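**Q**
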Amino acid sequence: MTLYILRRLAGFLVTLLIAAAVIFLLLDLLPGDPARFILGINATPESVAALRLQMGLDDPAILRFGNWLLGMFRGDFGMSQTQKLPVADLIAARMAVTLPLTLFAMVVSIVIGLPLGILAAMHRGKPLDTILMVIAQAGVAVPNFWFGMLLTLLFAVILRWLPTGGFTPWHENPIAAFRGLLLPGLALALPQAAILARVMRTALVDVSTQDFIRTARAKGMTFGQAMWRHGVRNAFLPVLTILGLQFAFLIAGTIIVENVFFLPGLGRLIATAVTERDLVLVRSATIILVLAVSATMLIVDIAYGFVDPRLRERGA
Amino acid sequence: MSLVEIENLTIRFGGRPALSGLSLAIARGERFGIVGESGSGKSLTALAITGLLPDAAEATGVIRFDGKLLPTDERAMAALRGHRIGIVFQEPMTALNPLMRVGAQIDEALDLADSSTREVAALLQEVGLDSSHAIRFPHQLSGGQRQRVMIAMALASDPDLIIADEPTSALDVITQRRVLDLIAEICDRRQMTLIFISHDMRAVAALCNRVAVLKAGELVETVPTEDVLRRPKAAYTQALVDATQMAPRANHDLSDQDLLLSVEGVTRAYSRNGLFSRRQPPLMAVNDVSFDVTRGEVLALVGPSGCGKTTLARVIAGLDSATSGTMTIDSTPYHGADLPREKRGDISLVFQDPFGSFNPRLTIGKSLAEPLRLLPKLSPLDREQRLIEAIESVGLDASMLTRYPHEFSGGQRQRLAIARALVTRPRLVVLDEPVSALDVSVRGAVLDLLARLQSQFGLTYLIISHDLDMVAAMADRVMVMEAGRIVEAGSPKTLFADPRHSLTKALMAARLPDLV
Amino acid sequence: MRTAWMRHPGLMLGLAASFAFALLGLLSLVWTPYPIGDISIARRFAVPSPDHWLGTDQLGRDMLSLIMSGTLTSFTVGATAIIIGAGIGVPLGLAAAIYGGPVEWLVLRFSDLAFAFPSIIIAILIATLMGPGAANAVIAIGIFNIPVFAQVARGGALTISTLDYVAAARLAGLSRPAIALRHLLPNIASLIIVQATIQLSVGILAEAGFSYIGLGTQPPETSLGLMLRDAQNLFLIHPWLSIAPGLAIAVIVIALNIAGDGLRDILDPRLRRQEVGRVAG
Amino acid sequence: MRVTKSLALASAGLLLATSLAMAQSTEIRVGAPLEPPALDPTAGAAEAIDVVVYQNVFEGLTRIDQNGAVQSGLASEWTISEDGLTYDFKLHDGVTFHDGTSFDAEDVKFTFDRILAENSVNAQKALYEAIESVTVVDPLTVEIKLSRPDGLFLFNIGRGDAVIVAPESAENNATQPIGTGPFAFVQWDRGSRVILEQYGPYWGEKPALTKATYVFISDMATMTNALLAGDVDGTYNFSAEALPVFENNPQFKVLVGTTEGETILSTNNAKEPFNKLEVRQAMAHAINRQEIIDGATYGYGVPIGSHFAPHNPYYIDLTNTYPFDLDKAKELLAQAGYPDGFSATLKLPPVNYATVSGQIIASDFAKIGIKLELINMEWAQWLEDVFANKDFDLTIISHVEPFDIGIYANPDYYFGYNNPEFQALNETLNATTDEAKRKELAQEMQTIIAKDAVNGYLFELAQTGVWNAKLDGMWQNAPVEGVVLRDVHWVE
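Those sequence lines, one after another, are chains A, B, C and D.
8 is the number of the first residue of the first sequence in the numbering used here; add one for each residue after it.
308 is the number of the first residue of the second sequence in the numbering used here; add one for each residue after it.
2 is the number of the first residue of the third sequence in the numbering used here; add one for each residue after it.
441 is the number of the first residue of the fourth sequence in the numbering used here; add one for each residue after it.
1) Would the segment 239 to 254 of chain A and the segment 138 to 151 of chain A be scored as touching if the rule is three or more Cβ pairs under 8 Å?
2) Give me the chain C residues within the contact set of B/Ser664, using Cβ-Cβ distance strictly less than 8 Å, ordered along the chain.
3) List, in chain order, every chain B residue whose beta-carbon is nearer than 7 Å to that of C/Pro187.
4) Which chain D residues sit within Cβ distance under 9 Å of A/Met156?
5) By how many angstroms is the C-alpha of D/Ser783 removed from the C-alpha of D/Ile657?
6) If the cut is a Cβ gap below 8 Å, which residues of chain A does C/Asn258 touch?
7) Counting only C-beta atoms, is C/Gly215 closer than 8 Å to chain D at any point?
8) Verify the contact flag: D/Ile837, CB atom, against every heavy atom of the ligand HEM, threshold strictly below 7 Å.
9) Mind checking who D/Trp518 pairs with in its DSSP beta bridge?
10) For C/Leu272 and chain B, any beta-carbon pair shorter than 8 Å?
11) Closest to A/Ala145 by CA distance: which of C/Ile42, C/Ile255, C/Pro49 and C/Ile99 is it?
12) If I follow the unbroken alpha helix (DSSP H) through B/Asn594, where does it start and stop?
13) Could you check whether D/Leu514 and D/His532 sit closer than 8 Å to each other, using their CB atoms as the reference points?
14) My guess is that A/Gln90 and A/Pro41 are in contact by the Cβ rule of under 8 Å, so how many angstroms apart are they, rounded?
15) Answer yes or no: do A/Thr282 and C/Ile122 have a C-beta to C-beta separation smaller than 8 Å?
16) Tell me which same chain residues have a C-beta within less than 7 Å of the C-beta of D/Gly540, skipping the five on either side of it?
17) State yes or no: is the beta carbon of A/Met228 nearer than 8 Å to at least one beta carbon in chain B?
18) Which residues of chain A have a Cβ atom closer than 8 Å to the Cβ of B/Pro405, listed in chain order?
19) Is there a Cβ from chain D that is less than 8 Å from the Cβ of C/Ile121?
20) Straight-line CA distance for A/Phe243 to B/Glu699?
21) Run through chain B and tell me which residues come within less than 9 Å of C/Ala348, C-beta to C-beta.
22) Using beta carbons (cut-off 8 Å, strictly below), is D/Lys565 in contact with chain A?
23) Taking 8 Å as the limit between beta carbons, can you name the residues of its chain near B/Val747, skipping five residues before and five after?
24) Going by DSSP in three states, B/Ser569 sits in which element: helix, strand or coil?
25) Who are the Cβ neighbours of B/Tyr543 in its own chain at under 8 Å, not counting the five residues just before and after it?
26) Check the Cβ-Cβ distances between B/Gly389 and every residue of chain A, and say whether any is below 8 Å.
27) Identify, in the order they occur along the chain, each residue of the same chain with its Cβ nearer than 7 Å to the Cβ of A/Ile220, setting aside the five sequence neighbours on each side.
28) Pick out whichever of B/Phe715, B/Arg732, B/Ala385 and B/Ile493 has its Cα sitting closest to the Cα of B/Ser655.
29) Applying a beta-carbon distance threshold of less than 7 Å, which residues of chain D neighbour A/Asn266?
30) For B/Arg575, decide whether its Cβ has a neighbour in chain A, counting only Cβ atoms nearer than 8 Å.
31) Mind checking if C/Leu172 is an interface residue toward chain B, Cβ cutoff 8 Å exclusive?
32) I want to verify the contact list: residues of chain G whose CB lies under 7 Å from the CB of C/His9, in sequence order.
33) Less than 8 Å between the beta carbons of B/Ala366 and B/Phe320, yes or no?
34) Contact defined as beta carbons within less than 8 Å: I believe C/Thr129 pairs with D/Glu818. What is the distance between those atoms, to the nearest angstrom?
35) Report the neighbours of A/Trp57 on chain D: residues whose CB is nearer than 8 Å to its CB, in chain order.
36) Using C-beta distances below 8 Å, list every residue in its chain close to A/Val267, excluding the 5 sequence neighbours before and after it, in chain order.
As structure tokens, this is what we get:
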């Protein structure tokens, strides 16, 4: 098991290092002068030059890359050029929104998706299965921003149960904070739940034809019992992969939903930083995002090892 | 009174019958065999008795267990299975839940049978396993051990009936025999009724008192075992019985033949060291093996599964490379995959599985022509000629060259695989279990074909097999392999008459008794 | 084969709807009821009528023409991204499968890397690099598709390369690339086709998302996502302008998914679905 | 569809009434489409900074009122010397910064020295370059000397770029703004909102509001929902296309006012073929101003014929200089040597008025043979390509600086207009203090650039605010950037 984890960890570190290089190179190629952006249309060339100097934009690229990497090793992600705050603080503040939102959306999608998938698989070929899968098709096909708008209209504008968006910090009012995450969480979770339901159903249907299910039935279980006791756990392996990817997607890919609900999430932080050419913020936030995504994959891999005894011995 | 009565059982898939009008009665305490080739409906019969038929199957007819109709309610049927019927399936590899310790899986069966007295350890002991195996996962057990776990699970409820569906066909000879003996012993001890399903007439004969022969979904005959062997009424039964025995072929006189292949100190080691792993000794799949092959000879390599015989075959054929040692063919030394291109045509390989050996997207002609790339000097006309010659030599028609693999049966495909092996006019043909995946009735024909081709083209064979009878019939010389080493060699007659090495002895002991 | 197709009404329906939309899009190349650049403020927000079957939008453009042209853009973006993804991913996956060792390790790391960059971040970076536009949606989705196809190809190829005919081909002296082309590729083609239909629907949805936040298609070109974006402010006043493209997206995606499911059942019932590629939204 | 809509709106209105009754208070939540990158108005050009802090947190010596007139700010009064070069400012007594430090003449000197320093990062440094010296006469008197007369000086020092900052806190104003205004900065939840609270010791008249929250909502559809749901009490500039949602809703008031934003089709005068007058004239004739105003601003924009704001007293109407006439346009193109037209690029910044106007203009230009390729860009890239490197043919942009016709006197400015006659007029204007004379000069300058068709003059941006009907005191116009809360209050 240790060996298995070590190998995964090595791959993870290599991925991160390459990612850092790719991010830095890409950002260095971006057109548009950060200093010019901050000072706008009427600034004098001298002001722009002064600001460039202040921001350290005129140092050679290698030096900046080295400084960045070294800084990160010390846990120092640099100062945001436009916001004048430590990047680490900015990201931490956004994580307080993105992480709970991601987790909430994950939980909702699991709570909805997995049981429905199991239900559909148990009724394979029957009307209930067809109905559930039609709903799942629709769930996968509706763009989530569109879905988010409809949710807002219904629950915030017409019913007024929940705010249209925005976020109250946790320390100020945890209940208000949670209420702010409900609608975006749902908008994110339902399409993912549809995917999960499909994956779960397919995996279970695959498993249901496996010999060990027949063995379990031979022991004296009904098909349902056999699937429940032996099928679900085995079917969970492909579901785990999808869960990992979904977490990765949610933690980063929520920009669109963050826009709809004007949430101060990580995705919007990066999007804004790019338009403002806050290169320090963009690259550090991006690498943290990549780190979060890769770490999730790593955890999924390790979880695989725990679920599947065959993997932890093979070590590969 | 019969324990199991089947009346006019018909099973259809999408309207097509897979089993038609089967009627059987199996008495309490009887050991009943059902024998047939693939597609005969023998496994479906077992599934029908246990109520485990796939959803797509439409069954009509009547099945009674202990005088009562099988319950239609799923829960009641499951309870019946759990309490009174034990089942052992064919594939021990996939029949156990890979994520669960085997002890827990047996324990589950005990729970379902409401049996409070028996313990997992006792059951394991009964099937000849140490109780420490309970905490293992299925993948940590060998095939034979897994099958014993299956049997332990089947015994958990102390059932009236045990159904064993091809319980040994995925196991090697020695294990196969042990498992069969175990089943026989348990049935004796517990006075259980057994339904034993197999394609192997000899296994059935060794275990059962009565046999039902099925062919293509129809019952051929039901007879006491002795009668099947002595006086098979149906021609088909006769054919099955005949297929179990092979007439030894004439040995070749090899005294004036020269050396074709020499293998010297060949070792194939697999490193088990990963990027971060502690040093582990490498796995020696083939360990310092040396032997010579004479031109025109039929040399057989036997041994239990995992002994390294297939690895050795692949090294010789040039698919894999030796870690150390050399081979020499026609005074050209090589180590495996470095076999020079111009020499590759001299050695060819026939694979075990006739279904995986042809690309389903290519015509037979294209697949057969593939090895001809090794002979670039051939004119298009010659190539055509070679193909026709090869396919006709295995008894098939040249018009079949334009067809696709799925249009052929297993036996035909194996003929085609042999044709492909011959198309370059090789001198050495390595045959890896050439008939073990085929139905018994066609094995004989394929072996006959091999013998005829050998004499016709002056071929040299290296046959890899675990089937001692086939080897005894075909080979001039036999080598016995264990754990990567050749432990004994000699002519089949002397070797089998007087085995020296313990493995050879075990192999001989595991042979099922001849039918006649 | 024919009966198999007939027995699958879902597949027929899915394929028919997908092709119908694709044709509608292609038709816009040569003909639309009105040119999509034909702006006339005077006739904006017209309700559906014989002149404008689906009405007109906020600039007085014909909605039917826009939907036709938008469908073409959405399909083109999705399809080009598949060509990029499969064009790079499949060879990578095959190389990993046939060479193993360091090559495989590299391909797997590359896959990890590509998965680790959320496609929306790639889209943002590329949009800043090259300016927003359909091209950058294509590249971002294409990059996302690469590891998806690489995994499908590698998985399929690994399964097939254990089969004896691959060993037979090696004995016949075929080089590894030749084996990949002759034996592996044709036999994983069905896997790739099925995955492609899924990725096409994912691509069309992703394009809509990118256009929605202003990174995708830019005027005067149009796409279904851009139409949604342009119309969303007007949702309470002219809901039809949002509903028409929204429905078009949903119907296309559902049609492609149904077609993909059906194709998988027919081409190879044993294929495992690769939902991996779907988590991109 | 229509049923659903009215249902939604009706129930929204119903609920709004009840919730407002409870929310009656001294607090306000303002929806703002852009979040400022930082909060120091003297070190950045972003409009979003001024929206939050101008006259709320920070104040200048003078302040601009909602009609664009100069009022007294931190300076209670001032005198101007005869030659217009020396300004003496008398400062209010008892003014403190929000950190408790007191305000005096030293802070004024510090502020202007910081703007003019060599390493200054002030976005509008050029506006203050006429300042020769700032002298502290006594703690409550400052003397500012100019090198040349500047008719706009008092206006310029009332802008957000010249608000008074303290040496103790100036460094941190980007994140922790400390000013002298009626509202003190409390907290900034990045990506979400900024909270201001009334500053108790404020020197002037106390505002009615005790707390103000700026909520950042970039998506206009979301803004609509937030307004309807009562999550925000108003926004100062709502997108014109969705205004009908609020126009007939008694719960809301729509404030339509003026801005200083002249939206123009900027033309690269230094580049072929735009250096030809006939080409520019042809383009001017091909601009369907009303169609553009209807399409891009839903009729709220005011047509302009030159680079001048229509509400300015110096304005003259030149919109008929080159009326929409495609035949005339073709004729002029032919005269210029382009009978079949030509191809050009139109680079568009990421703002709605530009993308929509661009499409309409491209559609009309195509009719006279000018094929425009629309290139949509990000702000940073637009600034770099178009503005700094002048790498463009045409672009659409709103020039939001007040009274900025002087940019046409700068031959290095991005649209490359070089007219010595105009430049001379501009110098004279700058040196003139007599109102009547100034007006005459300004009108002459407007006419010259209109006739030269330097750029395509489209419309003056309107400000369209949507506010809760029970709110009063908001600025209707936007003579400078900012949402000034000083007079805002709830009414029954």
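Virtual Cβ for every residue (Gly too), placed ideally from N, Cα, C.
Keep in mind the model is a prediction, meaning the values are calculated, not measured.
**A** On the basis of the supplied data:
1) no
2) Position 357 of the second sequence, counting from 1, holds the residue named residue 664 of chain B. Per Cβ cutoff of 8 Å: Leu164, Asp165, Tyr166 and Ala169.
3) In the third sequence, residue 187 of chain C corresponds to position 186, counting from 1. Near C/Pro187 (Cβ distances below 7 Å), the residues of chain B are Arg668.
4) By 1-based counting over the first sequence, the position of residue 156 of chain A is 149. Result: Ala661, Thr662 and Asn665.
5) For this step, residue 657 of chain D is matched to residue 217 along the fourth sequence. For this step, residue 783 of chain D is matched to residue 343 along the fourth sequence. Those two C-alpha atoms are separated by around 38 Å.
6) Position 257 of the third sequence, counted from the first residue, corresponds to residue 258 of chain C. Going along chain A in sequence order, the residues near C/Asn258 (Cβ under 8 Å) are Gln144, Val147 and Ala148.
7) Counting from one through the third sequence, the residue named residue 215 of chain C turns up at place 214. Judged by the 8 Å Cβ criterion, C/Gly215 is in contact with chain D.
8) Absence of the ligand HEM from the depicted structure is noted, as is the absence of any ligand whatsoever, leaving it without description.
9) Within the fourth sequence, the letter at position 78 stands for residue 518 of chain D. In DSSP, D/Trp518 forms a bridge with D/Phe529.
10) Here residue 272 of chain C corresponds to residue number 271 of the third sequence, with the count starting at 1. Confidence is the limiting factor: at C/Leu272 the pLDDT is only 46, short of 50, which leaves the residue's position unreliable, though a coordinate-based value still follows. Not one chain B Cβ lies under 8 Å of C/Leu272.
11) Counted from its first residue, the first sequence places residue 145 of chain A at position 138. The shortest C-alpha separation from A/Ala145 is found at C/Ile255.
12) Taking the second sequence and counting its residues from 1, the one referred to as residue 594 of chain B is at position 287. Counting along the chain, B/Asn594 falls outside any alpha helix (DSSP H), though it belongs to the beta strand (DSSP E) covering Leu590 to Thr601.
13) Taking the fourth sequence and counting its residues from 1, one reaches residue 532 of chain D at position 92. Taking the fourth sequence and counting its residues from 1, one reaches residue 514 of chain D at position 74. For D/His532 and D/Leu514, yes; Cβs fall inside 8 Å.
14) Counted from its first residue, the first sequence places residue 90 of chain A at position 83. Counted from its first residue, the first sequence places residue 41 of chain A at position 34. Actually they are not in contact, since the Cβ atoms of A/Gln90 and A/Pro41 sit about 12 Å apart, beyond 8 Å.
15) Residue 282 of chain A sits at position 275 when you count from the first residue of the first sequence. Residue 122 of chain C sits at position 121 when you count from the first residue of the third sequence. No, Cβ-Cβ distance for A/Thr282 and C/Ile122 is not below 8 Å.
16) In the fourth sequence, counting from the first residue as 1, residue 540 of chain D sits at position 100. Excluding positions up to five away in sequence, the list is empty.
17) Within the first sequence, the letter at position 221 stands for residue 228 of chain A. By this cut-off, A/Met228 is an interface position.
18) The residue labelled residue 405 of chain B in the question sits at position 98 within the second sequence. Going along chain A in sequence order, the residues near B/Pro405 (Cβ under 8 Å) are Phe219, Asn241, Asp315, Pro316 and Arg317.
19) What you label residue 121 of chain C is simply residue 120 of the third sequence in a count that begins at 1. So no, C/Ile121 is outside the interface.
20) The residue given as residue 243 of chain A occupies position 236 in the first sequence. The residue given as residue 699 of chain B occupies position 392 in the second sequence. Near 52 Å, if we compare the C-alpha coordinates of B/Glu699 and A/Phe243.
21) This structure gives no information on residue 348 of chain C, because the portion of chain C shown stretches from 2 to 282.
22) By 1-based counting over the fourth sequence, the position of residue 565 of chain D is 125. With 8 Å as the cut-off, D/Lys565 counts as an interface residue toward chain A.
23) Here residue 747 of chain B is taken as the residue at index 440 of the second sequence, counted from 1. Around B/Val747: Glu344, His506, Asp507, Met508, Leu547, Ala550 and Thr551.
24) Position 262 of the second sequence, counted from the first residue, corresponds to residue 569 of chain B. Of the three classes helix, strand and coil, the one that applies to B/Ser569 here is strand, per DSSP.
25) As a first step, residue 543 of chain B is located in the second sequence; it is residue number 236 there, counting from the start. Hits under 8 Å: Val520, Lys522 and Val527.
26) Here residue 389 of chain B refers to the residue found at position 82 of the second sequence. Yes, B/Gly389 lies at the interface with chain A (some Cβ there is under 8 Å from its Cβ).
27) Your numbering for residue 220 of chain A matches position 213 in the first sequence. Excluding residues within five positions, the ones whose Cβ falls inside 7 Å are Val214, Ala233, Met234, His237 and Gly238.
28) Along the second sequence, one-based indexing puts residue 655 of chain B at 348. Comparing Cα-Cα distances from B/Ser655 to each of B/Phe715, B/Arg732, B/Ala385 and B/Ile493, the minimum goes to B/Arg732.
29) Stepping through the first sequence from its first residue, residue 266 of chain A is reached at position 259. Near A/Asn266 (Cβ distances below 7 Å), the residues of chain D are Ser658 and Asp659.
30) Counted from its first residue, the second sequence places residue 575 of chain B at position 268. Not one chain A Cβ lies under 8 Å of B/Arg575.
31) The residue labelled residue 172 of chain C in the question sits at position 171 within the third sequence. Closer than 8 Å: yes.
32) Looking at the structure shown, chain G is missing, and the protein chains on hand are A, B, C and D.
33) Taking the second sequence and counting its residues from 1, one reaches residue 366 of chain B at position 59. Taking the second sequence and counting its residues from 1, one reaches residue 320 of chain B at position 13. No, these two residues do not count as a Cβ contact at 8 Å.
34) As a working note, residue 129 of chain C is residue 128 in the third sequence. As a working note, residue 818 of chain D is residue 378 in the fourth sequence. Confirmed, about 6 Å.
35) Locating residue 57 of chain A in the first sequence gives position 50, where the first residue counts as 1. Residue 57 of chain A is actually Ala in this sequence, not Trp. Ordered by position in chain D, the residues that pass the 8 Å Cβ test against A/Ala57 are Glu558, Asn559, Ser560 and Val561.
36) Here residue 267 of chain A corresponds to residue number 260 of the first sequence, with the count starting at 1. Answer for A/Val267: Phe152, Gly155, Met156, Thr159, Gly172, Pro191 and Ala194, listed in chain order.
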